[in-house]
Every structure is written in structure tokens, then in C-alpha cells.
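**Student:**
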Amino acid sequence: MTFNVVQANMLDKIRPSGIRKMFQRASGLEGVISLGIGAPDLQPPQELLDTVKNLLDKRSHAYTLNNGVPELHIKIKEQYKREYNLDFSDNSVIIGAGATQLMYGAIFAYNNPGDEVIVPDPGFVYYPTIPLMAGANIHPIPLDDEFQFSPDLINEKVNKKTKMLIINTPGNPTGTVLNEKSIKGIAEIAIDNDIVILSDEVYEFMTFDGKKHIPMAKYAPENTITLNSFSKTYCVPGWRLGYATGTNEIMEPLAKIHAFMVANAPSLSQHAIGKFMGSDADQQFRDNLRDTMQNRRDVVVKEFSKIPGVTIPEISGSFYAFPKINSEYYQSDNPGYEFAEDIFENAKVVTVAASEFGDTRHDHFRISFGSADTDTITEATERIISFVESK
Ligand SMILES: Cc1ncc(COP(=O)(O)O)c(C=O)c1O
Numbered sequence: 033m034t035f036n037v038v039q040a041n042m043l044d045k046i047r048p049s050g051i052r053k054m055f056q057r058a059s060g061l062e063g064v065i066s067l068g069i070g071a072p073d074l075q076p077p078q079e080l081l082d083t084v085k086n087l088l089d090k091r092s093h094a095y096t097l098n099n100g101v102p103e104l105h106i107k108i109k110e111q112y113k114r115e116y117n118l119d120f121s122d123n124s125v126i127i128g129a130g131a132t133q134l135m136y137g138a139i140f141a142y143n144n145p146g147d148e149v150i151v152p153d154p155g156f157v158y159y160p161t162i163p164l165m166a167g168a169n170i171h172p173i174p175l176d177d178e179f180q181f182s183p184d185l186i187n188e189k190v191n192k193k194t195k196m197l198i199i200n201t202p203g204n205p206t207g208t209v210l211n212e213k214s215i216k217g218i219a220e221i222a223i224d225n226d227i228v229i230l231s232d233e234v235y236e237f238m239t240f241d242g243k244k245h246i247p248m249a250k251y252a253p254e255n256t257i258t259l260n261s262f263s264k265t266y267c268v269p270g271w272r273l274g275y276a277t278g279t280n281e282i283m284e285p286l287a288k289i290h291a292f293m294v295a296n297a298p299s300l301s302q303h304a305i306g307k308f309m310g311s312d313a314d315q316q317f318r319d320n321l322r323d324t325m326q327n328r329r330d331v332v333v334k335e336f337s338k339i340p341g342v343t344i345p346e347i348s349g350s351f352y353a354f355p356k357i358n359s360e361y362y363q364s365d366n367p368g369y370e371f372a373e374d375i376f377e378n379a380k381v382v383t384v385a386a387s388e389f390g391d392t393r394h395d396h397f398r399i400s401f402g403s404a405d406t407d408t409i410t411e412a413t414e415r416i417i418s419f420v421e422s423k
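Under my numbering, think of the first position of the sequence shown as 33, with each following residue one higher.
Structure below.
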């Protein structure tokens, strides 16, 4: 007799990630250029790696406190004070196994089945998925033509059941930094309607042309849980380390669930980053990473503008571009998907169709320049152009 495996009902709501599927299709194939995966390819800071080596002989292998090691809490709080003049108190920081785990925890900690969560469309793939698993309903709100999250559009959807609003700046997949008008407007809505804002700011340090990131906590301190991560900042996504900050009151439910979800985040990563964060080497690394990404961004804009039928919206932060396919080139219900498939099959370039990120921008596709240097970007563009011209 075979065991008939029946999955939990909530899993019926989940569609496997197309990004991972594409990743799998491409792996093992010769000559593929990937502009698909959202991770930076720089070597992590050497001082940080040396710190890990030194810690191997010490007592850094035990469980830590549920919310993380105090040294790292202090460094995170100092950073918010230094960068934004924001003060967080004693129980206001939780270290997690990546921003992903804290996102999961926060969504489950605040939403009952039937509650409503507002998410941006297009938006990071986890935003609609996790609330659905928690039994909540989602309201995807289209970003406006500049990919700002318009307070007016959000206001139309807010009702008594709205419990949480998820925002993301700088944005994945759009590469857009939310402006002060959007941040202030969203803050007012949350304050007026008692809504928790889950503000995903994992690309905080990757803003271009001198543009400043504006933390949501500046305008809605009592309503906001800020999510952040070391994955992108120090190019260590496999270390699984992120953090959440907020007032003691708003962090309490998250702390409760966190303790039972993960016990604690990886200890070695916490101790090492606790020692490294805030050093001169840290600042130099961040500056260099941002400059590298800005340089790649410039090449993406220059090169992708040469592709017939493709226009490229402004990229002010993160390491994503979200080009648009003009309708005369692809007459289809899902041009972004067709284009991504075609250039994968014919030009061996991996990108991600916009339909992975929501329902409103099917004429776009996402490219990540996190792991593609300028020569790679140029070669990818040449291949795409020669495919498009041969059509
Ligand atoms: C917007 C956004 N939030 C969160 C994450 C996940 O970060 P972490 O590696 O800390 O789980 C990602 C990763 O791609 C992301 O793009």
C-alpha cells in the first residue's frame, strides 16, 4: 500500500515561483547569461570573512537569544540613528533568518483569516503569497505610471478589514525609490485607519544619483515594522540574516511568533556582522557596492535603449530594471512572458516575465543586474538585439 500524501489546503493557493523554474531550466545549459536571479555577485567584505574565521575558535556556535545577539542590536540601532536620526529602544530589533522569515512571521503575527492585506502590483513574489497562506485576503493595488505607490489608490481599497499594508522601497521589480509624497500619504492612511505597515527596505543602501531612501518609520513610527537584510548589503544571501525594527509594542507579537518559528537566526552570521557593522570597512563596502550597481545601471539604460521595441523606465535604486515592450512588437495577452521565453530560447538570456510579479504590467519584464557585470550586460543586449532584428 502506498501512502496517499495530502497537502495542507493553504498550499493550494501557492503557485511555484516562475523565477526558480527558469533558474532550473537554465542550469546546466552552456552559454546562458542570467539576468534572472536577484542577488549581488560581489565578493563579501574581506574583513567580514576574516571575522568569521576568527570566530570559529570561539563560543559562537551556541543558540543565541531568540531576538538575536545584543551586540548586533546595538549596531542596528546606531545605524538608524546615524542615517535617519531614528531612535529605537530595547526590545525594538529582532534578528531573523533573512528578511523572508521575518516577513512570514509578521504577516502571521498580525493577520487573522479574513483580514485584508494591501500589496503593490507589481511587487515582490512573496507579498501576495504569504498573506494567502495565513488565510488573509489580498488587495493588489497597481503602482502608478512612475511606479509610485499612490496613496489615493490605496485609500480607495481601505476598509474595516484592512489590517496590513506592505510597501517596498527601493522596489523589486521596478527599481523605483518611493518619494516623500507617497511615503507621507501612506503613513497618514495607516495612522488614520490603524493599519500595520510592513515596510520592506532591504535595498535601502542601493539608491542612485544621490537620491535618499526615506524610511517609512520616519512618518509612521508607531504603525511600521521595517524589514531589512544583510543578504544584499554584504552580498551574503546564503548566510540568512535579516532584521526587523519597530516600537516595542509593535514588535511584541512578532517576537512571540519568532521564538516558535526559528528559535534564533544563525549564530555565526550574527556574531560576525555584529562585529563588522558600523566599521570604516563597512562604509567603504557599501559605497563601493552602490557605485558598482549605479555603473551597471548606466550600462543597462544605455544598452537596453538600443533594443527595438523596448523602453526602459527610470531606475533609481535596487539592482533591477523593468523594461516595457511596445505593443506593436508583441501582440499578445502576456507580451512580457512571450518575450522572456523567446529570448531564453533564441538568445540564451534569462529574464523574468512581469506576470511573476502581479497582474497589471504584463507588457514588462524584469532584469537583474546584481550578478551581471557591464560586459555581460552588453553581450546580453547584443544577443537580444540580434534575435529581435531576425524576427
Ligand atoms: C524586496 C525583497 N525583500 C526581501 C527579500 C528577501 O531577503 P532575504 O534574503 O533577507 O530573505 C528579497 C530578495 O530578493 C527582496 O527582493
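Where is the CB? At the ideal position from N, CA and C, for every residue including glycine.
Quick check: residue 353 and residue 207, are their CB atoms within less than 9 Å of each other?
**Tutor:** Against a cut-off of 9 Å, the Cβ pair of residue 207 and residue 353 comes out as a contact.
**Student:** From 411, 175, 77, pick the residue whose C-alpha is nearest to that of residue 312; which is it?
**Tutor:** The shortest Cα separation from residue 312 among 411, 175, 77 belongs to 77.
**Student:** Going by DSSP, what residues sit across from residue 5 in a beta bridge?
**Tutor:** Because residue 5 is not part of the residues shown, which for the chain are 33 to 423, the question remains open.
**Student:** Assuming the contact rule is C-beta atoms closer than 8 Å, residue 449 and residue 45 should be a hit. Round their C-beta distance to whole Å, please.
**Tutor:** The chain is shown from 33 up to 423; residue 449 falls before or after that span and cannot be answered.
**Student:** Is the beta carbon of residue 74 sitting closer than 9 Å to the one on residue 267?
**Tutor:** Yes. Within cutoff.
**Student:** I'd like to confirm the pairing. Which residues does DSSP put opposite residue 174 in its beta bridges?
**Tutor:** Answer is 153, bridged to residue 174.
**Student:** Could you name the residues of the same chain whose beta carbon sits closer than 7 Å to that of residue 237, not counting the 5 residues immediately before and after it, in chain order?
**Tutor:** Cβ within range, chain order: 265, 318, 322.
**Student:** For ligand 1, list every residue whose C-beta falls under 6 Å from any of its heavy atoms, going in chain order.
**Tutor:** Going along the chain, the residues that qualify are 70, 130, 131, 132, 156, 200, 204, 232, 234, 261, 263, 269, 274.
**Student:** Take residue 350 as the anchor and find which of 343, 329, 357, 272 has the nearest alpha-carbon.
**Tutor:** Out of 343, 329, 357, 272, 329 has the C-alpha closest to the C-alpha of residue 350.
**Student:** Looking only at its own chain, which residues have a Cβ that is under 7 Å from the Cβ of residue 163, when we skip the five neighbours before and after it?
**Tutor:** So the qualifying residues of the chain are 139, 143, 149, 170.
**Student:** If we ignore side chains and look at the alpha-carbon of each, how far apart do residue 179 and residue 374 end up?
**Tutor:** One C-alpha to the other measures close to 26 Å.
**Student:** For a test of the three-state rule: what should DSSP assign to residue 306, helix, strand or coil?
**Tutor:** Of the three classes helix, strand and coil, the one that applies to residue 306 here is helix, per DSSP.
**Student:** Suppose only complete runs of 3+ residues qualify. What are the beta strand (DSSP E) ranges in the segment 225–304, listed by chain order?
**Tutor:** Complete beta strand (DSSP E) runs here, min 3: 228–232, 256–261, 274–277.
**Student:** Please determine, among 41, 280, 127, 411, the residue with the shortest C-alpha to C-alpha distance to residue 303.
**Tutor:** Here the closest residue by C-alpha is 127.
**Student:** Which partner residues of residue 385 appear in the DSSP bridge assignment?
**Tutor:** According to DSSP, residue 385 bridges with 397.
**Student:** Please go through the same chain and pick out, in chain order, the residues whose beta-carbon is closer than 7 Å to the beta-carbon of residue 64, but skip the five residues on each side of it.
**Tutor:** Only 58, 380, 382 meet the Cβ criterion.
**Student:** On the CB-based measure, 16 or more other CB atoms within 10 Å of its CB, does residue 107 come out buried or exposed?
**Tutor:** Classification of residue 107: buried, given that the 10 Å Cβ count is 16 or more.
**Student:** Please name the residue in 402, 232, 390, 190 whose C-alpha comes closest to that of residue 222.
**Tutor:** It is 190 whose Cα lies nearest to the Cα of residue 222.
**Student:** What does the Cβ neighbour count give for residue 146, buried or exposed, with the cut at 16 atoms within 10 Å?
**Tutor:** Its Cβ having fewer than 16 others within 10 Å, residue 146 is exposed.
**Student:** Go through its chain and collect everything with a Cβ distance to residue 369's Cβ below 6 Å, but skip five positions before and after it.
**Tutor:** If we look at residue 369 and ignore the five residues flanking it on each side, its Cβ neighbours are 385, 387.
**Student:** Within 10 angstroms of its Cβ, does residue 94 collect 16 or more other Cβ (buried), or is it exposed?
**Tutor:** That one is exposed.
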